[in-house]
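**Q**
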Amino acid sequence: MLRADEPLRAAVVDGDAVRGAALAQRMARRGYGAMPFHGATGLLKALQGGWRFDLLLLHPEHETAWADLSAACRLRRMPMLLLAEDSAWRTPPAVEALCHGHGLVDFAPLPLADHELEWRLRALLSRSRTPARPSAGAQELVCGDYRLLAHERLVLRRGREVRLDPREFDLALMLFRHLGQLLTREFLWIALWKRPPHEGARALNIAAASVRKKLGLQEDGGLVLRAAYGRGYMLQEVRSQAEFACEPAGYAEA
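Residues in the sequence shown are numbered consecutively from 37, following the working numbering.
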């Protein structure tokens, strides 16, 4: 376990040694203990040898690196930030599975300014520090007045069905499963549309506005869907945690 005065340890994997070293230096300047690796094999050997890292920054050169490191991160619940130029984005099945699993992965297009890198890391680390809940894979999720049935793709509010189209349901389920956590635009686009957003794309904005309206996610309803301009979306509770805790069906308190 890290001491309170120890910096967070970040592994930086990049097939371009110069670029990877530069990113590791940027991380070090921001107070992280950063270690560069030239490829996935080096990091995997370090993990197998007992090395521990708090997060991974990955500039994937080929699909094997995505798959192997996705599996390693999922096993260790280690958050991973994938960095790539817009033209290089691909979403192998292993990464998609990670998105829909514990969600400890995010995506960022390069180039990336220092302040943007910082808030993305903070958002990702915040997700990783939230204890794993059975609801992540549960077929029924209860949250206040809402019940989401994943298998039936159905949402009930106060016992009455609310009709959502397929994409809206996927977005709602993702938001409820990550209650109180900022989900970036890139994460939501890749998780739901299987591709990164392009400039001017508004499909996510439209889906979020529709979900907000249909489910009544306004402050007077106890849950509110907030947009962080240029960053993403967060579903927040505006009443007590006890009253609006999300639980998988069968775990909620009576």
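Ideal Cβ positions, reconstructed from N, Cα and C, are used throughout, including at glycine. From a predicted model like this one, the values you see are computed outputs, not experimental measurements.
Whole angstroms are fine: how far does the CA of LEU228 sit from the CA of ALA46?
**A** Position 10 of the sequence shown holds residue 46. Position 192 of the sequence shown holds residue 228. So the two alpha carbons sit approximately 28 Å from each other.
**Q** So, HIS151 versus ALA120, is the Cβ gap smaller than 8 Å?
**A** Within the sequence shown, residue 151 is the residue found at index 115, counting from 1. Within the sequence shown, residue 120 is the residue found at index 84, counting from 1. Cβ distance not < 8 Å, so HIS151 and ALA120 don't count as in contact.
**Q** Give the range of the alpha helix (DSSP H) segment to which HIS151 is assigned.
**A** Locating residue 151 in the sequence shown gives position 115, where the first residue counts as 1. Per DSSP, HIS151 belongs to the alpha helix (DSSP H) from 150–164.
**Q** Kindly identify the DSSP beta-bridge partner or partners of GLU188.
**A** Here residue 188 corresponds to residue number 152 of the sequence shown, with the count starting at 1. Answer is none; GLU188 lacks a bridge partner.
**Q** In this structure, does DSSP put PRO115 in helix, strand or coil?
**A** The sequence position of residue 115 within the sequence shown is 79, counting from 1. Coil at PRO115, not helix or strand.
**Q** Under the three-state reduction of DSSP, which class applies to GLN175: helix, strand or coil?
**A** Sequence index remark: in the sequence shown, residue 175 carries index 139 (1-based). Reduced to three states, the DSSP call for GLN175 is coil.
**Q** Within 10 angstroms of its Cβ, does THR77 collect 16 or more other Cβ (buried), or is it exposed?
**A** Stepping through the sequence shown from its first residue, residue 77 is reached at position 41. When all chains shown are included, THR77 counts as exposed.
**Q** Taking 8 Å as the threshold, find out whether the stretch 228–239 comes into contact with the stretch 192–201 through three or more Cβ pairs.
**A** Judged by Cβ distances under 8 Å, the stretch 228–239 makes no contact with the stretch 192–201, as fewer than three pairs qualify.
**Q** Rounding to the nearest angstrom, what Cα-Cα distance links GLU82 and LEU207 in this structure?
**A** Looking up residue 82 in the sequence shown gives position 46. Looking up residue 207 in the sequence shown gives position 171. The amino acid at residue 82 is misidentified as Glu; the sequence shows Ala. Rounded to the nearest angstrom, the two C-alpha atoms are 37 Å apart.
**Q** Helix, strand or coil for GLU273? Go by DSSP, reduced to three states.
**A** Working through the sequence shown from its first residue, we reach residue 273 at position 237. It is a strand residue.
**Q** With DSSP collapsed to three states, give me the class of GLY266.
**A** As a first step, residue 266 must be located in the sequence shown, where it is residue number 230. It is coil, neither helix nor strand.
**Q** Three or more beta-carbon pairs under 8 Å between the stretch 175–182 and the stretch 141–158, yes or no?
**A** They do not touch, by the three-pair rule.
**Q** Hey, how far is the Cα of ARG267 from the Cα of THR220?
**A** As a working mapping, residue 267 is identified with position 231 in the sequence shown. As a working mapping, residue 220 is identified with position 184 in the sequence shown. Each residue's alpha carbon lies about 5 Å from the other.
**Q** Under the assumption that MET306 contacts LEU92 (Cβ atoms under 8 Å), give the Cβ distance between them as a whole number of angstroms.
**A** Within the shown structure, residues of the chain are numbered from 37 to 290, placing residue 306 beyond reach of any answer.
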